[in-house]
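Mapping to the UniProt record's numbering: the sequence shown position 48 is 48, numbers consecutive.
What follows is a single structure, written as structure tokens, with notes after it.
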Amino acid sequence: MERVTLRIPKQQIEEVERMVETGEFPNRSEAIRSAVRDMLNEQTSDKRQRESTSKRGWAKV
């Protein structure tokens, strides 16, 4: 794994900390990795959907 340094607004980090404290994630790093995975999966899904729609051959209504 590579290390990445980023700046996140205090309010967002506090939310991540709460998720760690309640046991939703083991630590902040895993919470942030999970968010990045979710974002990448969503982007991939959206891209596939757009490609599928464009291959249909009929107009969107």
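Ideal Cβ placement from N, Cα and C applies to all residues, glycine included.
Euclidean distance between Cα positions of residue i and residue j
i: Pro9; j: Glu15; result: 10 angstroms
i: Gln43; j: Gln49; result: 10 angstroms
i: Ile13; j: Ile32; result: 10 angstroms
i: Met1; j: Lys47; result: 26 angstroms
i: Thr22; j: Ser52; result: 40 angstroms
i: Glu30; j: Glu17; result: 11 angstroms
Cβ pair residue i, residue j closer than 8 angstroms
i: Asn27; j: Val20; result: yes
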